[in-house]
Structure formats: structure tokens, C-alpha cells
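One structure is given here, and the rest of the page talks about it.
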Amino acid sequence: YEQWARTNVYRQRQAGYAAVTVALPLGDMTSDQTRRVADLARQYAGGDVRATVEQNLLLRSVREKDLPALHRALAAASLARPGAGTLADITACPGTDTCKLGIASSRGLAAELTTRFAARTGELDPAVESLRIKTSGCFNSCGQHHIADIGFYGVSRNVGGYAVPHFQVVLGGKWRENASSYGLASGAIPSKRIPEVIERITARFVAERRESETFQDYTQRIGKRALKEMFADLAAVPAHDEAPGFYSDWGDPREFTLGDMGVGECAGEVVSLTEFDFAAAEAQLFDAQLRLEEDAVEPADQLAYGAMLLGARGLVKTEFIDVGDEPAAIVREFRTRFFDTQLFFDKYAGGKFGMYLFRRHESGPRATAEAAHRLIEEAQLFLEACHACQARLAARPAAGLPPPPPAAAQRA
Ligand code: SF4
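The numbering of the sequence shown is the working numbering, which starts it at 638 and goes up by one.
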């Protein structure tokens, strides 16, 4: 009771009354529990229940003298879980469980982290215990990762011909003050290493924070580069034969694939699969620039090339959703569908930007910093051309569509 009262009960301004959070792991509850909450709300909270953005329920205006009885009743329904508003109270979107835009299992990751941190409620440093973790299956942000202290969104990376589930780490977002700032993207880490990311950043925060420094201030102070470096060793993926667990997602023992993706069903779909690839391409190009600043020529070259492939794939997906991840297939489909048809051509530059992709694809990696720098600039222009092409396609009248059937045929 003491632990529950510490984390789940808030004294109201009205003397003698409190608000009680019913913490729901992953926001889930059974129909029996739902009926029970309704009964308890009628009995103790004036019949009023509020759903929170953190996927919990709130019972308001509970008389303080009723708190022990309410706790007993909630506990009998397995609803008296402590830890509301702590590191163990994680928000997650549906992710790959039910959303066709989901890349990685946001709910699987959240379930794993909930189990780990719930077991440590009360043991964590207070500055860490009050942090919020939020996870999204993709960057559409339905899991609110961008405003979390520690946020994650699902991405995929190709390793040795296999798709490997990753999460992009986003640190130092602000959920207080009306979610007034977004976190810093700090690198993509294999899903199975995300718990280590949290252990590491929270330990460093406790050890290095200045007096009363917030997590947001700490992440801003040490900066994006230091954050990336903090996790650099965790980004490596062991070979498939050595550690096959890296090639499946949390809560799903099957080998990871993007084959289930398609047109999104969830209300959060604000980004199409094409835009999805475009945004990933831009993130990758940004990483290429960072790596080049560190004189890492080969990774910078690979990232810039990868960014162009993502841009090309995004366009191809407007016509052929199953294009896959293979560079040769992406380049072939892009050439056939967008270059040879001149759909990609710029009014003034013609097919020049498309040639940047073909040249890099055919001639292989750039060996010097200068050449890698030029490739990054070319990749930027190529991505701009992809966006322009998509905009032209979207603005076209639906001329390519078959004429609607005659009214008689429709009736038939
Ligand atoms: S579209 Fe929304 S619900 Fe679906 S995976 Fe992406 S963030 Fe989650």
C-alpha cells in the first residue's frame, strides 16, 4: 500500500480528496477489470473515470479516508500496480502487433522494459525513477517517443542480408510544459540491446548530473555527438549464426521481416510508406554527415549511398510495394519505372540526379573524404529530386486511372 500510495495517489487541492491512477501495463485491461473499475468509480469517485495520455485510468475526487479500501478493491482485481508516472510506466503504440506501418515491436519492447523496471520500483535513484519511457513502432510517433525523456521508434537495418529490428533512440524530450520540446535522435540500436541503452544512459546521468540538473538539461549539455558515442558499441549486430536472437523482435520468436508492412490502418497514419522511406533517407544522410566530420569515410559513403537507395525505394513503393531491400532490385525498379519513363526527370536538369545513384551503385564505394563529401551532396540533391518527383506525381490528375465503369455496369 505504501508504495502504491507514493506513486499512484495525488493529493488534490480540495482538502481531504485525492486522485488515484490505475496503472495499466501497455494500457491493457480485461473486460472484467473494466466493469470492476466502473463499479469502483461509482463507489469512490463520483462515477467519473478519465483515460490519460499515458495509457492509464484516473479516478478523481476520492476521499482520502477511502484510499485503503479502494486499494484493497483494486488489488483484488489485479489493478493496484504501483509505479504510475515512473520509469516502469511505459507508453507504447500498437506497433507491429496490429499496425501495418509498424516496423518494430513497440509493445514487445515496452512489455520487456515494464517487467524489468517494475521489479525495481522503489530501488532506483529518484532522478531516474521519475523519467518517462515511450515507444513507437515507427516514426509516426503515436507512442509519443519524441516527447519522452527516453523515447524509441522502430526502424530496420540490413545486416548480412537479414533485416534486423532496431530502435532509434530519442533522448531528452519534454513531456512537461505542454510537450514543449522534442528529444535528440541519438542513433539506431538493435532492439535486443535497448535495455542496455537505458541502463547506460541512466547510470551516466546519475554519475554526471550537475546539482539538480534535469535529464533534458543533461542531454542538451553533453550533446548529440556524445550521446551517439555513448551507444556506439551497442550499435554493432553480431552475425546471424552467432546470435540469432538479434534477428527477431521482442515477444515474437519468428525471424524479423518487413513483409507484413502495408498501407496503414491505424488512425495515426500521417506518413505514407513513401514518406516513411524519405524520412529514413534524410536521417541516414544526416548520419553520413556526422560520420564524415569524424573522418569515417567508408561509413559516411555507405550511409549516403543507403540514403539514396531509401529515396529510390520510397518512389518505387508508390507503384510496387514489395520492392524489398536489395540494392540491385531497388536500382533496377527505379530505373525502369522512373528513369526510363522520365517521370523522375527535372524540368531543367533532366535525369542528372538519377545518374548520381546509378554511378555510385555501379562504381562502388568512394575512397577519399573529398569523394565521400561529394557523394553526400549528390545524395542530398537526389533526395530533393525524389521529393519533387513525388510532389509531381501527387499533383497529377488521376489520368492514369481506368475510366469509371458505366452506370449500368456499376448497378450490375
Ligand atoms: S503508425 Fe503509429 S501506431 Fe502504427 S507503428 Fe507507427 S507510431 Fe505505431
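Quick reminder that beta carbons are idealized off the backbone N, C-alpha and C, glycines included.
Just so it is clear, the structure is predicted and the values come from calculations on it, not from any experiment.
According to the Cβ coordinates, are residue i and residue j closer than 8 Å?
i       : j       : result
Val646  : Leu695  : no
Ala656  : Arg700  : no
Gly948  : Leu871  : no
Ala916  : Arg928  : no
Gly810  : Gln857  : no
Ile967  : Leu946  : yes
Glu970  : Phe990  : no
Arg673  : Ala714  : yes
Val843  : Asp914  : no
Gln1017 : Leu952  : no
Val659  : Leu711  : yes
Thr751  : Ile784  : no
Met867  : Arg830  : no
Asp962  : Leu940  : no
Thr894  : Ala1025 : no
Leu1012 : Arg1003 : yes
Leu716  : Phe852  : no
Ala748  : Leu663  : yes
Pro731  : Thr644  : no
Leu922  : Ala944  : yes
Ala1006 : Asp932  : yes
Pro832  : Val874  : no
Thr733  : Gly774  : yes
Asp983  : Ala1022 : yes
Thr955  : Leu1030 : yes
Ser634  : Glu892  : Because the chain in this structure spans residues 638 to 1049, residue 634 falls outside the shown range and cannot be described.
Thr671  : Ala729  : no
Gly1050 : Phe976  : What the structure shows of the chain is the stretch from 638 to 1049, and residue 1050 is not part of that stretch, so it cannot be assessed.
Gly638  : His708  : For the sequence presented, residue 638 should be read as Tyr rather than Gly. Closer than 8 Å, so yes.
Pro964  : His998  : yes
Arg862  : Tyr855  : no
Below 7 Å, is the gap between the Cβ of residue i and the nearest heavy atom of the ligand SAH?
i      : result
Gly732 : As presented, the structure is devoid of the ligand SAH, carrying the ligand SF4 as its sole ligands.
Can you tell me whether residue i is helix, strand or coil according to DSSP?
i      : result
Leu768 : coil
Ser828 : helix
His803 : strand
Leu663 : helix
Glu892 : strand
Ser668 : helix
Ser743 : helix
Tyr638 : coil
Arg650 : coil
Thr658 : strand
Gly943 : helix
Asn645 : helix
Asp914 : helix
Phe789 : strand
Asn777 : coil
Asp870 : helix
Leu847 : Per the sequence shown, the amino acid found at residue 847 is Arg instead of Leu. In this structure, Arg847 counts as coil in the three-state DSSP scheme.
Asp886 : strand
Val907 : Since pLDDT at Val907 reaches only 48, below the 50 mark, its modelled position is unreliable, and the value read off the structure follows with that caveat. Looking at Val907 - three-state DSSP - the assignment turns out to be coil, as it is neither helix nor strand.
Ala822 : strand
Arg794 : strand
If we define contact as Cβ-Cβ less than 8 Å, is residue i a contact residue for chain D?
i      : result
Cys775 : Within the model displayed, chain D is absent; a lone protein chain is all it includes.
Okay, do the stretch 785-794 and the stretch 734-751 touch, 3+ Cβ pairs below 8 Å being the bar? Because the criterion of three Cβ pairs below 8 Å is met, the stretch 785-794 and the stretch 734-751 touch.
Contained alpha helix (DSSP H) runs [length at least 4] in the stretch 951-1000, N- to C-terminal order: As far as the stretch 951-1000 is concerned, its whole alpha helix (DSSP H) runs of at least 4 residues are 964-971, 989-1000.
Answer yes if the stretch 821-840 comes into contact with the stretch 792-805, meaning at least three C-beta pairs across the two stretches below 8 Å, and no otherwise. Counting C-beta pairs with one atom in each stretch, the stretch 792-805 and the stretch 821-840 have three or more that are closer than 8 Å, which means they touch.
Check whether the stretch 676-695 touches the stretch 748-765, counting contact only when three or more Cβ pairs, one atom from each stretch, lie closer than 8 Å. They do not touch, by the three-pair rule.
Unbroken alpha helix (DSSP H) runs of length 4 or more, entirely within the stretch 677-764: which are they? 704-713, 743-755, all fully within the stretch 677-764.
Would the stretch 663-681 count as touching the stretch 732-740 if we require 3 or more Cβ pairs under 8 Å? Cβ pair count under 8 Å is below three, so no.
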